[in-house]
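Novice: I have a structure I would like to understand better, so I am pasting it below and will then ask my questions one at a time.
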Amino acid sequence: MPRELSAYHRQVAATNRQQILDSATRLFLETGYDRTSLARVAASAGVSKATLFKQFPTKAELFEATVLAAGSTPAADLPEPPPGDLRAGLLALGLAYAELLSRPGVEELLRTVIAEAPRFPELRERTFDFGTLPVITTLHRYLRAEDAAGTARVDDIDAAAAQFLGMISTVVFWPRLVHGDWVLSDEEVRRVVDEAARTMVARYGAPAGR
């Protein structure tokens, strides 16, 4: 039976992981997937190759981790709207999602996924499970709470969440991958998110909550 790590060693491992992810993100953005080696990431992060390989055995796994880390948000920074006002709750979570999409590095990393995957089979095989991102898991939890409270009727949480996030990303994010000068003001982003929330209320809001 493996021995449990002490608090100190867990902290060291977490620090090493963060240093590796920070260095990998910078190198992937600067030089691309092809020219970023695990050895170079280890040297930049100030860790041994053995330490890096222990956490990320392949470059594809490391790249996937950098993409998901770029979209991660500390739980303390996310809204946790109570059930009862579906539009207000979706507006809060939708704005948090829009903020995630506007972070430095997110667009560039996803460009790399799209551009490099056809050339590298190991990237095509990665799942890139964006459903694990905190803002998305929080949205699922919120929709379940609204359904349980009777203020929404959501039979398929996954489909409803995807519809809501898709309405936002289609306007706020994806055009930037085609049009480099695509910029929305804060007011325009809020309007997009509010329209998405209104659409969700019209579709899923229980009669008493409309």
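Note that my numbering has the sequence shown beginning at 1, numbered continuously upward.
In this text, a Cβ means the ideal position worked out from N, Cα and C, and glycines have one as well.
The structure presented is a predicted model; accordingly, all values stated were derived computationally and were not measured.
Note down, one range per segment and in chain order, each alpha helix (DSSP H) of at least 4 residues found wholly within the stretch 78–120.
Specialist: DSSP runs (the alpha helix (DSSP H)) wholly in the stretch 78–120: 86–101 and 106–116.
Novice: Taking only three categories from DSSP, how would you classify M1?
Specialist: The predicted model places M1 with a pLDDT of 45, which falls under 50 and marks its position as unreliable, so this point remains unresolved.
Novice: Measuring only the C-alpha atoms, how far is M200 from Q55?
Specialist: Their backbone Cα atoms lie some 40 Å apart in a straight line.
Novice: Whose CA, out of P74, V113, T15 and S48, lies closest to the CA of E61?
Specialist: Closest by alpha carbon: V113.
Novice: Going by DSSP, which residues form a beta bridge with A152?
Specialist: A152 is bridged to G205.
Novice: Distance check for P175 and L110, CA to CA, integer angstroms please.
Specialist: Each residue's Cα considered, the two are about 13 Å apart.
Novice: Check whether the Cβ atoms of A212 and G84 sit closer than 8 Å, and answer yes or no.
Specialist: For the chain, the structure presents residues 1 to 210; residue 212 sits outside this window and is missing.
Novice: Can you tell me where the alpha helix (DSSP H) holding P175 begins and where it ends?
Specialist: Per DSSP, P175 belongs to the alpha helix (DSSP H) from W174 to V178.
Novice: Have a look at E99 and L52 and give me their C-alpha separation to the nearest angstrom.
Specialist: The alpha-carbon atoms of E99 and L52 are separated by roughly 30 Å.
Novice: Please report how far the alpha carbon of R210 lies from the alpha carbon of A202, in whole angstroms.
Specialist: Bear in mind that a pLDDT of 44 at R210, under 50, signals an unreliable position, so the number given afterwards is only what the model happens to contain. Their backbone Cα atoms lie some 7 Å apart in a straight line.
Novice: Name the residue from T31, E107 and G46 whose alpha carbon lies nearest to the alpha carbon of Q19.
Specialist: Comparing Cα-Cα distances from Q19 to each of T31, E107 and G46, the minimum goes to G46.
Novice: Compute the Euclidean distance between the alpha carbons of Y204 and R103, then round it to the nearest angstrom.
Specialist: Taking the straight line from one Cα to the other gives about 30 Å.
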